[in-house]
Structure formats: structure tokens, C-alpha cells
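Below you'll find the structure, written out as C-alpha cells, and then a few comments.
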Amino acid sequence: MFFSSWFQLDPVESHEKLAEAARKAGDLVGMCRHYSQALQAARSRLGEHHPRTGELYCRLGILYHELRRLDECEPLLRRGLDILSPDGTNERSMLIGRAHHGLGAVHMIRGEHDPSLFHLRRRLELCRAVNGEQDLRTAACYVDLGVAYTDKGDNTAAIDTLRKALKIRTELLNDKHQLVGRVHYYLGHAYLNKQSFDSAVRYMKHGLAICANAMGEDHYSLSVFYVTLAMAYAGKGNYRNAVAAAKRCVAIRKSRAGEDHPSTKEARKLVAWLSRGAHDPFPDFNMHDLCPEVCASEVPHDGPYAPTA
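FYI, the numbering used here numbers position 142 of the sequence shown as 128, with every residue one higher than the one before it.
Here is the structure:
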């Protein structure tokens, strides 16, 4: 019986080990190939409804999500969730949570707010059950959920959720850590959407100072802080500071991405519009290029392929 079980699992484990080796080598194509082969072996030897098969559906779906192969990741994640159910173990519950995270992100990208919030809430519930409230992984779940609320336009819920993330990160890290600064950014963006411009400026400036100290004043990620700060100043009618912030965004993107990069061009459009006192109609910005990190998801730092999350 022992040798029979070992023989059944061996091809699955072999391909998983090869996928892990590919990960360490940075071979993403190899990872996809070996996880796909592991899944095929599990379906053949263990059956479609075996928990190990469900786990592999989730792992391959998470990998495709990280590679932005969204149309391929969604059916894999859904199939994995159909097979699995939380069993109280850290590994499986967190893996299921990661699958919910992937589906939540897919729905957010499509503008499907309610399904996105459903999956991100489920991820948060599982993470809290396994890790507790005072855990950095729980804080990351709160951040993603807060961003989803902002994306829907429920800025009050976004602010309440992001404040929980801020409290956890400040207590477990320190108030100078860049992950704390990122939460300040998301809070500033939510207050901007709520048209609470004073609060937006306060949170954005605080987050900007933290992240500049942690990453350097010319880090590309800071450019999106300046975009939101410029819009908050414009909301207050302070166009002098708004233009200065937008010009700082242009300078960073010109230095880091180049004069002709789409994000630099969009930032220049923002400067021109603000320089006219924002009296013209709002420009037809490409928001993906102007604010590339507004809906950035915070994935746990262990990566999507580790045995435990």
C-alpha cells in the first residue's frame, strides 16, 4: 500500500519540483509547463476531485494571474475552488485565499465591482482565520479590499478598511516603512475621490515623505504620488502647488522612463491642463499610463508558488 501511494504521487511531485527549480532559475515558461504537467498527472492518477488536483488548479491559476494571463487564470482558479474547501490547515486555507485574491483582481480589472469585493472579502476572512488580525498578510488583504472599494466609488468603506491596514503595518513595522507609506497613498487617493482635498493632501504628502526616504526621491513609484497630490491641490484651488507637483512627476518619469514614454506624455498633459487653471474640459487621459499604480495589488511577498503562504 505504501509503495502504491508513493508511485501514484511521484509524477505529480516530480513536476512540482521541476516547477520550483524553474522558478529559482527565473524560467516562467518552464514553470507554466511543469505545473500544467503536474496538474495533468494529478487528474489522471488521483482523479479530478482529489484535493491535490484542486491545489494544482489553484497554483497554476495563481501563476497565470501573476503573468497577467487573465483569461486563462480565471477558469483554473474557479475549478480549484470548486474542488477545495478550507480544512483548517494553514497551507490549504491560504492557498484558497490566494485563489480568491486572483479572482478578485480579475473582476476588478473588468470593472465588476461586486464579484471583486466578494472574493477579496473571502480572502480576508481566510487570512484572518489562519494568521490573526495582527499580521502583515492580513494588512495586505485590507489594502487590496480598500483599493477595490475605492475603485467602486465607496470611498467611506475604502477609508475605514485602509485605516485598519495602516494600524497593523504601523504597529508591526514602523511609521517610516515604505509599506506604511503606500497605505497613506491609497488613503490619499480615496480622500481625493471623496473630494476631501485637505485630507488627500495630508495623506499624500505624508506617504510621499515616507516612500522618498525609503526608496529615494527619484524612484519611479513616487511619480504617481505627485499625480494624486497635484489633483488634490487643484481641488483646493491651489494651482501653483498643483503645477509644481505635476512637473515633479514629469521630471521623475523623464529621468526613469524616458522623454517619449507614454507615462511621461500623460504627465505633461496634466501639467498643461493645470497650468491653464483646469478651466478646459478634463483631458482624455490614459489613466493606466497616468496612474499605473492606483489599482496595484499587494501580493504577499512569499510569491505565488511557495508550498505555504
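By construction, the Cβ of each residue, glycine as well, lies at the ideal position given by its N, Cα and C atoms.
Legend entry - Residue range of the unbroken alpha helix (DSSP H) whose run includes ASN224: Mapped onto the sequence shown, residue 224 falls at position 238. Here ASN224 belongs to no alpha helix (DSSP H), and DSSP marks it neither H nor E.
Inset, instruction - Determine the burial state of ALA125: buried for a count of at least 16 other Cβ atoms within 10 Å of its Cβ, exposed for fewer. - result: If you number the sequence shown from 1, residue 125 lands on position 139. Buried, since its Cβ has 16 or more Cβ neighbours within 10 Å.
Inset, instruction - Drop a sphere of 10 angstroms on the beta-carbon of VAL116, count the other beta-carbons inside from all chains shown, and report buried for 16 or more, exposed for fewer. - result: Your numbering for residue 116 matches position 130 in the sequence shown. Under this definition VAL116 is a buried residue.
Inset, instruction - Return yes when the Cβ of ASN141 is within less than 8 Å of the Cβ of ASN179, no when it is not. - result: To locate residue 179, count along the sequence shown from 1; it is residue 193. To locate residue 141, count along the sequence shown from 1; it is residue 155. Yes, the Cβ-Cβ distance between ASN179 and ASN141 is below 8 Å.
Inset, instruction - Take MET190 as the anchor and find which of ARG38, GLY174, GLY83 and MET217 has the nearest alpha-carbon. - result: Position 204 of the sequence shown, counted from the first residue, corresponds to residue 190. With distances taken between Cα atoms, MET190 lies closest to GLY174.
Legend entry - Integer-rounded CB distance, given that ARG109 should sit under 8 Å from GLY90: The residue you call residue 90 lines up with position 104 of the sequence shown. The residue you call residue 109 lines up with position 123 of the sequence shown. Contact holds; Cβ gap of about 7 Å.
Legend entry - Integer-rounded CB distance, given that CYS44 should sit under 8 Å from LEU81: To locate residue 81, count along the sequence shown from 1; it is residue 95. To locate residue 44, count along the sequence shown from 1; it is residue 58. Contact holds; Cβ gap of about 5 Å.
Inset, instruction - Taking only the alpha-carbon atoms, compute the straight-line gap between ARG254 and ALA28 and give it to the nearest angstrom. - result: Your numbering for residue 254 matches position 268 in the sequence shown. Your numbering for residue 28 matches position 42 in the sequence shown. Whole-angstrom Cα-Cα distance: 53 Å.
Legend entry - Burial state of LYS162, where buried means 16 or more other Cβ atoms lie within 10 Å: In the sequence shown, the residue the question calls residue 162 occupies position 176. Its Cβ having fewer than 16 others within 10 Å, LYS162 is exposed.
Legend entry - For ARG38 and ASP121, the rounded distance between their alpha carbons: Taking the first residue of the sequence shown as position 1, residue 121 is located at position 135. Taking the first residue of the sequence shown as position 1, residue 38 is located at position 52. Approximately 27 Å, taken between the alpha carbons.
Legend entry - Proximal residues to LYS138 (C-beta, below 6 Å), its chain only, five neighbours per side dropped: In the sequence shown, residue 138 corresponds to position 152, counting from 1. For LYS138, where only same-chain residues beyond five positions count, the Cβ hits under 6 Å are HIS99.
Inset, instruction - Check each candidate in TYR206, VAL257, ALA144 and GLY167 and name the one with the smallest Cα separation from ARG226. - result: For this step, residue 226 is matched to residue 240 along the sequence shown. Comparing Cα positions, the closest option is VAL257.
Inset, instruction - Answer with buried or exposed for ASP68, where buried requires no fewer than 16 other C-beta atoms within 10 angstroms of its C-beta. - result: Translated into positions along the sequence shown, residue 68 becomes position 82. Exposed: under 16 other Cβ atoms inside 10 Å.
Inset, instruction - Pick out the complete alpha helix (DSSP H) segments inside the segment 99 to 165, 4 residues or longer, and give them in chain order. - result: 99 to 117, 122 to 138 and 141 to 158
Legend entry - ALA218 beta carbon less than 8 Å from that of VAL187: Looking up residue 187 in the sequence shown gives position 201. Looking up residue 218 in the sequence shown gives position 232. Against a cut-off of 8 Å, the Cβ pair of ALA218 and VAL187 comes out as a contact.
Legend entry - CA-to-CA distance, SER22 to LEU131, given in whole angstroms: Start at 1 with the first residue of the sequence shown, and residue 131 comes out as number 145. Start at 1 with the first residue of the sequence shown, and residue 22 comes out as number 36. Taking the straight line joining both Cα atoms gives about 30 Å.
Legend entry - N-terminal and C-terminal residue of the alpha helix (DSSP H) that SER30 is part of: Here residue 30 corresponds to residue number 44 of the sequence shown, with the count starting at 1. That run of the alpha helix (DSSP H) goes 14 to 31.
Legend entry - LYS222 to ARG64 span [Cα, whole Å]: Translated into the one-based positions of the sequence shown, residue 222 becomes position 236. Translated into the one-based positions of the sequence shown, residue 64 becomes position 78. Taking the straight line joining both Cα atoms gives about 45 Å.
Inset, instruction - Compare the C-alpha of ARG262 against each of ALA220, TYR50, GLY193 and ARG234 and name the closest. - result: By one-based count along the sequence shown, residue 262 stands at place 276. Ranking the options by Cα distance to ARG262, first place goes to ALA220.
Legend entry - HIS93 CB to nearest heavy atom of the ligand PLP below 7 Å: The model on display carries no ligand, and the ligand PLP is accordingly not part of it.
Legend entry - Residues of its chain near LEU103, where Cβ-Cβ distance is below 6 Å and the 5 sequence neighbours each way are ignored: Locating residue 103 in the sequence shown gives position 117, counting from the first residue. For LEU103, where only same-chain residues beyond five positions count, the Cβ hits under 6 Å are ALA134.
Inset, instruction - Measure the beta-carbon distance from ALA200 to GLY167 and round it to whole angstroms, keeping in mind my assumption that it falls under 8 Å. - result: On the sequence shown, residue 200 is found 214 positions in, with the first residue counted as 1. On the sequence shown, residue 167 is found 181 positions in, with the first residue counted as 1. Contact flag correct, Cβ pair sits at about 7 Å.
Legend entry - Pair within 8 Å by beta-carbon distance, TYR296 and ILE238: Here the chain covers residues -13 to 295 and nothing more, so residue 296 does not appear.
Inset, instruction - Starting from the C-beta of VAL92, find all residues in its chain whose C-beta is less than 6 Å away, skip the five residues before and the five after it, and write them out in chain order. - result: Taking the sequence shown and counting its residues from 1, the one referred to as residue 92 is at position 106. The answer, listed in chain order, is LEU56 and GLU60.
Legend entry - Cβ separation of TYR177 and SER185, assumed to be a contact under 8 Å, to the nearest whole Å: If you number the sequence shown from 1, residue 177 lands on position 191. If you number the sequence shown from 1, residue 185 lands on position 199. So it is a contact: roughly 4 Å between Cβ atoms.
Inset, instruction - Return the CA-CA distance between ALA24 and LEU70, expressed in angstroms with no decimal places. - result: Position 38 of the sequence shown holds residue 24. Position 84 of the sequence shown holds residue 70. In a straight line, the C-alpha of ALA24 is about 17 Å away from that of LEU70.
Inset, instruction - Throw me the rounded Cβ distance for the MET17 and LEU49 pair, which I believe falls under 8 Å. - result: Taking the first residue of the sequence shown as 1, we reach residue 17 at position 31. Taking the first residue of the sequence shown as 1, we reach residue 49 at position 63. Going by Cβ atoms, the distance from MET17 to LEU49 rounds to 6 Å, so yes, they are a contact pair.
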